[in-house]
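*Asks:* Quick note on my numbering: the sequence shown kicks off at 32 and runs consecutively. Here a beta-carbon is modelled for each residue, glycine too, at the ideal position from N, C-alpha and C. It should be emphasised that the depicted structure is a prediction, and the values quoted were computed from it without experimental measurement.
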Amino acid sequence: MRSHLFRRTTGSPSPPTPLILLPSLLLLISTTTVAAATSDTPTAYDELLAYDFPVGLLPIGVTGYELNKNTGEFKAYLPETCSFKIQGYNLKYKSTISGVIEKGRLKNLKGINMKILVVWLNIVEVSRHGDELDFSVGIMSAGFGVDNLIWSLVETGNARRRRIMILSREEGDSGGWRRVMVGGG
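Right under this line is the structure:
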């Protein structure tokens with residue numbers, strides 16, 4: 032009676048049936064869906080825009096970030112220490128930057144330094160007031176126009192690369208800037 036349950040086959044195996052291919056197809060579809068969902072994840076630059084900051088606060092090349100939306104605590108990761116100059120000030124970014132972000136304000140910053148005369152000081156806070164950004168090192172601050180930071184420049188090691196993020200704001204839009212292109216070399 033059990034002989035019909037067990038059958039010995041010889042020769043080449045039969046072609047796969049659609050039922051056998053179904054799990055493979057489902058796996059492929061679910062992997063594609065996860066990949067598509069991942070590409071919709073906002074970047075660190077998108078998060079800056081959402082909090083009303085220009086993308087130029089971070090150099091191009093952020094490899095990842097963490098953001099606790101409840102507390103505003105964040106960490107951004109760069110492949111290495113980098114620096115750039117804005118309006119005569121040298122800024123240096125460590126490979127890990129951390130702090131707390133809220134609309135128009137970054138506080139408790141660690142990992143960003145500004146050279147004042149001959150001394151490197153930690154930038155502890157960045158606040159936005161209209162079209163002006165104030166970089167505070169505790170005892171003093173320097174102000175920059177937001178327009179100076181709609182692009183990002185990164186200098187790492189001996190190589191200097193300029194990359195530009197082109198931003199757009201719709202006519203009459205009181206919201207933030209929207210990223211429309213990244214380029215450079």
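1) With 16 other CB atoms within 10 Å as the buried threshold, where does M145 fall?
2) So, helix, strand or coil for Y96, using DSSP?
3) Consult DSSP for L89 and reduce its assignment to one of helix, strand or coil.
4) Considering only residues of the same chain and omitting the five flanking positions on each side of L109, which have a CB-CB separation below 7 Å?
5) Can you name the residues that DSSP bridges to I147?
6) Going straight from the alpha carbon of L98 to that of F105, what length do you get?
7) Over the uninterrupted beta strand (DSSP E) stretch that includes E111, give me the two end residues.
8) Buried or exposed: where does G161 fall if 16 or more other Cβ atoms within 10 Å of its Cβ makes it buried?
9) By a C-beta neighbour count over all protein chains shown, 10 Å radius and 16 as the cutoff for buried, is G130 buried or exposed?
10) For the beta strand (DSSP E) that contains D83, what are its first and last residues?
11) If we count the other Cβ atoms within 10 Å of its Cβ and call it buried at 16 or more, is G142 buried or exposed?
12) Given a cut-off of 8 Å, decide if Y82 and I147 are closer than it, judged by their beta-carbon atoms.
13) Go to D165, then tell me how far its beta strand (DSSP E) extends in each direction, as first and last residue.
14) CA-CA distance, M171 and L152?
15) Keeping to the same chain, check which residues put their C-beta closer than 8 Å to that of P73; ignore five residues upstream and five downstream.
16) Please report how far the alpha carbon of E102 lies from the alpha carbon of K138, in whole angstroms.
*Replies:* In this structure, then:
1) buried
2) strand
3) coil
4) P90, G92, V93, T94, Y124, S126
5) V150
6) 4 Å
7) First-last for E111: undefined, no H or E at that position.
8) exposed
9) buried
10) Where D83 is concerned, there is no enclosing beta strand (DSSP E), given that its DSSP letter is neither H nor E.
11) buried
12) no
13) 163 to 167
14) 10 Å
15) A81
16) Per the sequence shown, the amino acid found at residue 102 is Thr instead of Glu. T102 and K138: Cα-Cα distance of roughly 12 Å.
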